[in-house]
Amino acid sequence: MRPFADRSSRRALSTALVLGALAAGLSCSDKSDIGPGSLTTIRISPDTLHVLLGRTDTARAFPLDQDNAYLPDKRVAWSTGDGSIATVNDSGVVSGLALGTTTLSASASGVTGTSTIVVDPAPTITFQQDSARIGGIAGSAVVATGSDSVLNGGGGGINNLTVDSITYPSGPTGWLQATLTGPATPAALDLVANTSTLVLGRYVALVWLSSPDASPLTSSLPVVLTTTPDVASSIALQAGNNQTTTVNTAVAVGPSVLVRDQFNNPVAGVAVTFTPTAGSGSVVGGNATTDASGIATVTSWTLGTTAGGNTLNATSVGLTGSPVTFTATGTAGAAANLSINGGNNQAAVAGSPVAIAPSALVTDAFGNPVAGTTVTFAVTGGAGQITGATPASNASGVAALGSWTLGLVAGANTLSATAAGLNGSPLTFTATGNPGNATTIALNSGNNQSGTVGTSVAAPYVVKVTDTNGNAVQGVTVGWAAAGGGSMNPASSITDASGLASSTHTLGGTAGTQTATASVGGLTGSPVTFTATANPGAVSTIVINTGNGQSATVATAVATAPSVLARDAFNNAVPGAAITFTITAGTNASVNCGSGATTACAVNTNASGIATVTNWTLGQTAGTNNNTLSATRTGATGTSFTASATAGAVASIVINAGNSQTAVRGAAVTTDPSVIVRDAFNNAVPNATVNFAVIVGTAGASTVNCTGVGTTGNCNVTSNASGVATVVSWTLGGIGTPAASAPGSGLYTNTLRASSNGQTVDFSASSVWSFSADVQPLFTGSCTGCHFAGGTSPNLVAGSSYAAIRGVSSGACGTYVVVGLNQAVNSYLFSKVSSAAPFCGSQMPPGGPFLSAAQQNTIRDWINNNSPNN
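Numbering (this note's numbering), first residue to last: 2 to 871.
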């Protein structure tokens, strides 16, 4: 039954009754002049009135006389049988209050007419399913369809249904179309989803239906679209290609492939077989299945034992791109074996190199050549010599010796090749040294003599001629020649049975080193050179040789010991001459000539005419060129050295500026802390590292800034040329929760420690509460609701409060804030906010909530610090 569809018929019936009654009345009036008769009947239209729950409708009453004539002037009183179901007003307007049936009465002059009221449910748009679910293929041009049934949740039907709109709570829009089969319930709602632009996933849309006859006018149906992949159509490489690893080990990334459908969606559950080609190792998990992302991955791929390329195929029957081929490169493993590669069992003339340089082969456990392994070659017999003794194996695994020259004595020569930990190590190479003809001339004796210019040296010069085996050769003529004005006697001589030949050298007239030669054409070592020293005359001048212009730490020796060069009048260096070194400037400086520190000592020149002190220790005062050392000898022109003394290691650290300051919590002190560092002799130490570290105390952690970039608890500063190290800023720590017991004068201690080379000094500063940042906010939050200009005194509003309380009397109750240190106990303000029994009245704020202990102590500490306006 659809009561809302019957309203027009009820109105028509009411109109018919009125017209009928009027017609009857007019006919009565036509029959008699006495007017209408008495009320006998009251009829109600309609007989049954259907009213929707929560809505109204109107009934009509028709008073009739005995002739059924309508009495238009007769007023009726309306009533219902059950007012909980329906009520009626004086105009016959019926309101439906609850589902059910009751009576409707109209009364006048003792006559009552009745009818029935039926309260029907309000029509609501509902659906057979709470939500419609559609499935389709992502990216496909084929649409996905679904449907649901539209019903009246209140019973009966609903007319004038329309699809009002489609909304999308999130994600892509415009993919859904909805169509009704008819405008009245029950109706089918057909749904069409376009998946061609959608990827895999779940999408939600709301289809809104409306009807002017429904209550509410609109209702929505959630539509859930789930897009899935089509059947697998292609396979492609995903990850793990072109890797490199050691032979017989697994690659780092397990090869994987990606399987997709024709719309490029990943497809799960597809079988993929991973198979290595011959010689390409083995796999674990070769029969894989794609996961939800369409990826199939082999558990592991262990490469083959031969270095080089490896191949792995991933196959899935029927898919485009199958098989997918992965490649990997196997590199040689760790070195394991050492063997002879070449150069063994050779022969050569003693003292000459073998034709083929010995070489060793380094391989791994599978016989692959290994590069980069060091092999050490060493001569073990025959006294030969080698070059390139520690070669590394090349890309072919070969480590080749540079050369092997056999010993001078004919016979067996042996060589070892060692690589620790390798099988076959050490290797042994052998070679035979053969004898030869005389090839060498060498100095035997008489070299490096000295004498006075123009005289003969004491001993003759002697040479020895040998063959390639080091054997002496007799009967060889040796020619002699002298340089620098000297002469040889005889000019030639013949080697004896020991291969020896000799001649005597007469020195030339120039002091210094003089040479003579012994020559035999075609022999190695020819000519042989002999040297002799011609002694000079007396010392004439002394010049600096080394050690001038140095710098060193105070009270320490310069790095280079000073030395001078003594020369005679002909500019020849003079050996064996005593040179006196004397300290001429430098506080407590000293010189040591080998017998301990002193202010003056003597050193003899060496064979090169150079006299060198053992050390020169600078004085104890830092400065530039403030130390001098003179070198003198009687009858000769002397010289002087200069040196600069630099400060030593930090031995003391003292405060320079910035101690004992006071600042508001969280603010930097006015004067940046600085220290002076000095060494053990009280010299300022520049470029010393000074660490400034915050020491956490009652004030909590403060911060220090050494660079200007940011704050920290610990940082370093380098001292300047005056030994001063200064921080950029020291910000005092936040006080945190105030202590239960008041600190002296409301001050909270902060400590900053400066340290360098084990020396320390502490800065102390005091954090205090800020009136504007800490105290005033307490007034603003708890007091200014009453204490303001025109309100209760004192005025605690920001900008007025300080002048209103500090040193201001409250009358009989005392001064609000007593001026002076540690005056909180005498201040009326502190008494009012902290005590249940203040000086006067009751604790504030009135009735609470009262200030916390921390807030009370903040006011206490500010007052005890002489209540500054900070």
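C-beta: ideal position from N, C-alpha, C; glycine also.
**Report entry** Endpoints, alpha helix (DSSP H) assigned at P778
**Finding:** 777-783
Query raised in the report: DSSP puts M489 in a beta bridge; with which residues?
Result: H506
Query - With 16 other Cβ atoms within 10 Å as the buried cut-off, status of N626 - result: exposed
Report task. Buried or exposed for G137, please, with buried defined as at least 16 other CB atoms from any protein chain shown within 10 angstroms of its CB. Result -> buried
Report task. Specify the secondary structure class of W770 as computed by DSSP and reduced to three states. Result -> coil
**Report entry** Contact belief for N715 with L733 at Cβ below 8 Å, rounded distance in angstroms
**Finding:** Not quite, the Cβ-Cβ distance comes to about 16 Å (not below 8 Å), so this is no contact.
Query raised in the report: Hey, which unbroken runs of the beta strand (DSSP E) at 3 residues or more fall wholly within the stretch 36-117?
Result: 40-46, 49-53, 57-59, 61-66, 78-81, 87-89, 94-97, 101-109
Query raised in the report: Are the Cβ atoms of A483 and M489 separated by less than 9 Å?
Result: yes
Query - Nearest-angstrom Cα separation, counted from K833 out to G848 - result: 12 Å
Query raised in the report: Which residue from N249, T42, A439, A188 puts its Cα closest to that of G111?
Result: T42
Query raised in the report: Expressed to the nearest angstrom, what Euclidean distance is found between the alpha-carbon atoms of G155 and P124?
Result: 5 Å
Requested in this report: For I495, count neighbouring C-beta atoms within 10 Å of its own C-beta (all shown protein chains included) and say buried if the count is 16 or more, exposed if not.
Outcome: exposed
Query raised in the report: Nearest CA to the CA of S720: which residue from N758, T713, Y749?
Result: N758
Query raised in the report: Do A694 and V705 come within 9 Å of each other at the CB atom, strictly closer than that value?
Result: yes
**Report entry** Assumed close pair S564, I611 - CB separation to whole angstroms, cut-off 8 Å
**Finding:** 5 Å
Query raised in the report: What are the start and end residues of each continuous beta strand (DSSP E) run of 3 or more residues lying completely inside the stretch 585-648, in chain order?
Result: 591-593, 601-605, 611-613, 616-618, 624-633, 640-647
Query raised in the report: Is the CB-CB distance between S591 and T600 below 9 Å?
Result: yes
Query raised in the report: Assuming G38 contacts D83 under a Cβ cut-off of 8 Å, what Cβ separation, rounded to an integer in Å, is found between them?
Result: With a Cβ gap of about 34 Å, G38 and D83 do not count as contacting.
Report task. Go ahead and pull the three-state DSSP assignment for R861. Result -> helix
Query - C29 burial status per 10 Å Cβ neighbour count (16 or more: buried) - result: With a pLDDT of 34 at C29, under the threshold of 50, the modelled position of that residue is not reliable, and the figure given next carries that caveat. Label assigned to C29: buried.
Query raised in the report: With burial defined as no fewer than 16 other Cβ atoms inside 10 Å of the residue's Cβ, what is the status of L18: buried or exposed?
Result: Below a pLDDT of 50, predicted positions are generally treated as unreliable, and L18, at 40, falls in that range; no measurement from the model is reported.
Requested in this report: Just confirm the distance between the C-beta atoms of S141 and F264, as a whole number of angstroms; I'd bet it's less than 8 Å.
Outcome: 6 Å
Report task. Rank V729, S596, S765, A562 by C-alpha distance to the C-alpha of S661 and give the top, closest one. Result -> S765
Query - Residue range of the unbroken alpha helix (DSSP H) whose run includes I806 - result: 802-806
Query - Stretch-stretch touch, CB-based, cutoff 8 Å, three pairs: the stretch 361-370 with the stretch 297-313 - result: yes
Query raised in the report: Can you tell me whether D121 is buried or exposed, with buried defined as 16 or more other CB within 10 angstroms of its CB?
Result: buried
Query - Stretch-stretch touch, CB-based, cutoff 8 Å, three pairs: the stretch 520-534 with the stretch 546-560 - result: no
Query raised in the report: Roughly how many angstroms lie between the CA atoms of D231 and S394, to the nearest whole one?
Result: 57 Å
Query raised in the report: Hey, would you say S221 sits closer than 9 Å to T168, going by beta carbons?
Result: yes
**Report entry** Three-state secondary structure assigned by DSSP to T699
**Finding:** Only weak support is given to the placement of T699: the predicted model assigns it a pLDDT of 49, under 50, and the question is left unresolved by the model.
Query raised in the report: At which residues does the beta strand (DSSP E) containing S317 begin and terminate?
Result: Counting along the chain, S317 falls outside any beta strand (DSSP E), and DSSP gives it neither H nor E.
Report task. Determine contact between the stretch 317-332 and the stretch 357-364, defined as no fewer than three beta-carbon pairs at a distance below 8 Å. Result -> no
Query - Nearest residue (CA-CA) to N616, options A562, G667, A669 - result: A562
Requested in this report: Below 6 Å CB to CB, which residues in the same chain sit around T469 once its five sequence neighbours on both sides are set aside?
Outcome: V350, A351, G352, G437, T440
Report task. Mind checking which residues open and close the alpha helix (DSSP H) that includes L409? Result -> Where L409 is concerned, there is no enclosing alpha helix (DSSP H), given that its DSSP letter is neither H nor E.
**Report entry** P576: CB within 8 Å of a non-hydrogen atom of the ligand ZN
**Finding:** Ligands in the displayed structure: none, and consequently the ligand ZN is not present.
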